[in-house]
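Under numbering that gives the first Met the number 0, the residues of the sequence shown are numbered 0 to 351, in order. For every residue, glycine included, the Cβ atom is placed at its ideal position computed from N, Cα and C. Just below is one structure, and these are the notes that go with it.
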Amino acid sequence: MSDPVSSSIAWPPAWHYLAGAPATAGDYRQSPEEFQVEEVFDFIPEGQGEHWWLWVEKRGMTTPDLARLLARAVDIPVRDVGFSGLKDRDAVTRQWFSLALPGREPPPDWEAGLVERGVTCLQAVRHPRKLKRGVHRANRFRLRIGGEASVSSATHERWDRLVQLGVPNYFGPQRFGPEGRNLFRARQLLARGWRKRQDPHGLLLSTARSYLFNSVLSARVADGTWCVPQPGDVLNLEGTASRFAATEIDDALLARAEAGDLHPTGPLWGRGRLESLGEVAEREIRIAAGCPDLAEGLVQAGVNHERRPLRLRLKEPEWQTDGDAAWLSFSLPRGAFATSVLRELFRHPTLV
Numbered sequence: 000m001s002d003p004v005s006s007s008i009a010w011p012p013a014w015h016y017l018a019g020a021p022a023t024a025g026d027y028r029q030s031p032e033e034f035q036v037e038e039v040f041d042f043i044p045e046g047q048g049e050h051w052w053l054w055v056e057k058r059g060m061t062t063p064d065l066a067r068l069l070a071r072a073v074d075i076p077v078r079d080v081g082f083s084g085l086k087d088r089d090a091v092t093r094q095w096f097s098l099a100l101p102g103r104e105p106p107p108d109w110e111a112g113l114v115e116r117g118v119t120c121l122q123a124v125r126h127p128r129k130l131k132r133g134v135h136r137a138n139r140f141r142l143r144i145g146g147e148a149s150v151s152s153a154t155h156e157r158w159d160r161l162v163q164l165g166v167p168n169y170f171g172p173q174r175f176g177p178e179g180r181n182l183f184r185a186r187q188l189l190a191r192g193w194r195k196r197q198d199p200h201g202l203l204l205s206t207a208r209s210y211l212f213n214s215v216l217s218a219r220v221a222d223g224t225w226c227v228p229q230p231g232d233v234l235n236l237e238g239t240a241s242r243f244a245a246t247e248i249d250d251a252l253l254a255r256a257e258a259g260d261l262h263p264t265g266p267l268w269g270r271g272r273l274e275s276l277g278e279v280a281e282r283e284i285r286i287a288a289g290c291p292d293l294a295e296g297l298v299q300a301g302v303n304h305e306r307r308p309l310r311l312r313l314k315e316p317e318w319q320t321d322g323d324a325a326w327l328s329f330s331l332p333r334g335a336f337a338t339s340v341l342r343e344l345f346r347h348p349t350l351v
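Set out below in C-alpha cells:
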C-alpha cells in the first residue's frame, strides 16, 4: 500500500483515528482540578540517605518551575534537584522530587514560599540517591469531560472500544506546541544544523521525532495494522522495554498481540540501524523521506534510532457518570499522552 508523504508540513495534521473522527463535541480541563495526574513508581524511598525526597502536589506550574522554587527554598543549586517526569502545568499533579541535602536539614521556613504558590508537600522522606529522569513506571490519570460527549452513547461506545483494543500511541498535541509552533521551530533549527545551546533540553529534537512517528502510526491505523504484527515488525513486550524483530508471523504471535501481550513498534528517527525489516522498513523509510528536513536533520544531529510501541493499553480503566459530566480514570505507561486517549473519544479544537 502506498502512503501519502509530503515535504510540506501543514498544521493541523491529518492523522487517522481508530474509528473515524469523532462527531460529538466535548470539553476537558476547564480547571486544573479536572485534569489530575499522579506518578506511579515500582519502589519507595528507603528512609535514610543524603537526598530528601518530597511527594508534592502542584497546580498552575511546570515541573522545571517547581524544581527552581524548591532549590531556592532549601538554598541548593537547581542541578541538585531531581525529578522523573515533566507534568502538565494546567493540572493538579503529584510527583516526587529529590533535593540533595547531605548532613543537614532544610530551613525551618522552607515551605512558606511553596504554600503561597499553591504547592503542597504531602510526604518527605530520605533516600540514598538522586531521583533520575524517566524512572517512574506509569502515570495515573483522573479526567473530567463535559459537553455533549460526556452523555453521548457514541462516546461511551468509543471508550469501550479503546478499553478492548487499546489506543493508538500518538504523541499528544502538547509535544508540538500551540498551532504546531514547536514543529516549525524544529524544522528551522534542523535546517541550520542542530546545536545544543539552541535546544538545551532536546525539545525540538523530540518534536521532530514525534512527528515522524505519528506519521508512521497514522498510516498503520489507516490500514488496520497498528496493533496487528506484520512480517518485519519489531515487537514490544507489554509493560517492558524488551523487543524483538519478527521475520515471520504465526498464529501464536497474532494471539499474543490480540491479547495485548505484544505490540508493533514504530521508529523514533535517528542514526543507526532501523531494526525493522522488509516491507515494514521500506514503508517507514518512505514516510520519513516525505519529510527530509526532519529525517536528515535528526541523523545529522546525532540522535540514535529508537522504537516506540504503536499501541497503548489502558490499565484499570474506569468511567463514572457525574450528572452532566463524566470522570475517566486510567493508567498509561511513562511517555504516553492522556490527550491521545481523549482525541479518540470526542471532538475538541486542541485535540489534533
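Looking at the DSSP output, N138 shares a beta bridge with E38, L331. Straight across, the Cα-Cα distance linking A294 with Q29 is about 37 Å. Taking L273 as the centre and dropping the five residues before and after it, the same chain places the C-beta of P266, A280, E283, I284, H304 closer than 8 Å to its C-beta, in chain order. T154: member of the alpha helix (DSSP H) spanning 152-164, first to last residue.
DSSP links S97 through a beta bridge to W52, G81.
Short of 6 Å from the beta carbon of R139, and not among the five residues preceding or following it, lie these beta carbons of its own chain, in chain order: E37, V39, S330. Secondary structure of E295 (DSSP, three-state): helix. Cβ contact annotation for P63 (same chain, cutoff 8 Å, sequence separation greater than five): L85, in chain order. With a cutoff of 9 Å on beta-carbon distance, F82 and A99 are scored as not near each other. Selection L216, A9, P21, A72 evaluated against G112 yields A72 as nearest (Cα-Cα). Taken through DSSP and simplified to helix, strand or coil, E278 comes out as helix. The C-alpha of W54 lies about 34 Å from the C-alpha of A185. Less than 9 Å separates the beta-carbon of W193 from that of Q299.
Annotated as distal: P12 and S152, with beta-carbon spacing of 9 Å or more.
A Cβ-Cβ separation of about 5 Å places W52 in contact with V124 under the 8 Å criterion.
Out of G334, Q319, P332, the CA that lies nearest to the CA of G145 is found in Q319. Here G46 has V124, R125 as same chain residues with Cβ atoms under 7 Å from its own Cβ, once five neighbours each way along the sequence are excluded. In this structure, S275 lies near V233, with their beta-carbon atoms less than 9 Å apart. Straight across, the Cα-Cα distance linking A218 with S241 is about 24 Å. Membership of L236 in any alpha helix (DSSP H) is not indicated; the residue belongs instead to the beta strand (DSSP E) covering 232-236.
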